[in-house]
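J.:
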Ligand code: RTP
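Numbering (full-length UniProt numbering), first residue to last: 69 to 223.
Put into structure tokens, the structure is as follows:
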């Protein structure tokens with residue numbers, strides 16, 4: 069996940085199936101681009117159940133786990149890696165709280181969703197999660213692009 073706390077920090081962001089079906093992929097990309105972050109990985113996938121279970125391994129014991137796996141693995145998911153200063157914490161702040169009742173208006177969830185089980189988007193919640201998730205979703209060599217963004221010195 070790049071180097072924590074620097075301009076090369078990276079996070080894993082995914083537009084979940086409800087976000088894709090509702091045509092919100094562009095809005096999500098636009099928010100991260102406009103904030104000043106750099107897109108270094110992007111693909112659309114239908115994740116397998118195994119992949120989804122691995123992604124949400126921490127939640128295995130939760131009562132909503134099966135429903136969550138059913139929902140995510142129907143796809144499609146638009147998987148992304150974004151890079152920039154404090155992108156892990158900032159990405160979570162931009163996404164908003166998990167429960168839409170607590171997500172502030174102006175955050176992505178606060179603007180676009182009303183139920184916790186259909187909350188549009190995922191973002192890594194720590195440096196360790198970001199490392200794991202980027203490896204899981206973008207494990208193949210060459211899937212991430214290192215590039216120098218012109219104008220980045222102004223951000
Ligand atoms: P995410 O991993 O998707 O970014 O979400 P999060 O960290 O904000 O929340 P987490 O507690 O990790 O929960 C993961 C996802 O599980 C679904 N969920 N459903 N039905 C329920 O009560 C319930 N609770 C959580 C949500 O889709 C949540 O984003």
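Ideal Cβ placement from N, Cα and C applies to all residues, glycine included.
#1: Under 8 Å between the Cβ atoms of residue 202 and residue 150?
#2: Who are the near neighbours of residue 124 in its chain, counting only those whose CB is closer than 8 Å to its CB and skipping five residues on each side?
#3: Using a threshold of 7 Å, is the CB atom of residue 190 nearer than that to any non-hydrogen atom of the ligand RTP?
#4: Would residue 185 and residue 172 be called neighbours here (beta carbons separated by less than 8 Å)?
#5: Reducing DSSP to helix, strand and coil, say where residue 90 ends up.
#6: Is the closest heavy atom of the ligand RTP to the C-beta of residue 92 under 7 Å?
#7: What do you reckon, are the CB atoms on residue 120 and residue 191 nearer than 8 Å?
#8: Using the Cα positions of residue 86 and residue 187, report the straight-line distance between them to the nearest angstrom.
#9: Quick check on residue 110: does DSSP put it in helix, strand or coil?
#10: Which residue comes first and which comes last in the alpha helix (DSSP H) that contains residue 207?
T.: In short:
#1: With respect to residue 150, residue 202 sits apart: the two C-beta atoms are not nearer than 8 Å.
#2: Answer for residue 124: 133, 136, 137 and 140, listed in chain order.
#3: At least one heavy atom of the ligand RTP is nearer than 7 Å to the Cβ of residue 190, so yes.
#4: A distance of 8 Å or more separates the beta carbons of residue 185 and residue 172.
#5: DSSP, read as helix, strand or coil, puts residue 90 in coil.
#6: No.
#7: Against a cut-off of 8 Å, the Cβ pair of residue 191 and residue 120 comes out as no contact.
#8: Computed Cα separation, rounded: 8 Å.
#9: Strand, per DSSP.
#10: Unbroken run through residue 207: none, as it is neither H nor E.
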